[in-house]
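Everything below concerns the one structure shown next.
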Amino acid sequence: MTKVAKMGINGFGRIGRLVMRAALTRDNVEVVAINDPAFT
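If you read the sequence shown in the working numbering, its first letter stands for residue 832, the second for the next number, and so on.
Next comes the structure, spelled out in structure tokens:
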């Protein structure tokens, strides 16, 4: 059994998008929230 790290991304600019791409390629990371004023 592997543990899954749940994380939120604060800002979806250049760095936020890179973090999201890295998280999508891993099995042990789950993005549960993205906080960005442009989305609201």
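Idealized CB from N, CA, C, for every residue including glycine.
The structure displayed is predicted, hence computed values, not measured ones.
Given residue i, which residues of its chain have a CB within under 6 Å of its CB, disregarding the five upstream and five downstream residues?
| i | result |
| --- | --- |
| V835 | N859 and E861 |
Do residue i and residue j have their C-beta atoms within less than 8 Å of each other?
| i | j | result |
| --- | --- | --- |
| A853 | M838 | no |
Alpha carbon to alpha carbon, what distance is there between residue j and residue i?
| i | j | result |
| --- | --- | --- |
| P868 | G844 | 11 Å |
| M832 | I846 | 30 Å |
Looking only at its chain, what residues have a beta carbon closer than 8 Å to the beta carbon of residue i, apart from the 5 residues adjacent to it on each side?
| i | result |
| --- | --- |
| G842 | N866 and D867 |
In chain order, what residues of the same chain lie with their CB nearer than 7 Å to the CB of residue i, ignoring the 5 residues before and after it?
| i | result |
| --- | --- |
| V850 | I840 |
Is residue i near the ligand MG, with its Cβ less than 7 Å from a heavy atom?
| i | result |
| --- | --- |
| D867 | Ligands are entirely absent from the displayed structure, and the ligand MG is therefore not among its contents. |
Sequence ranges, alpha helix (DSSP H) only - wholly within the region 833-864, length at least 4: Whole alpha helix (DSSP H) segments, 4+ residues: 845-855.
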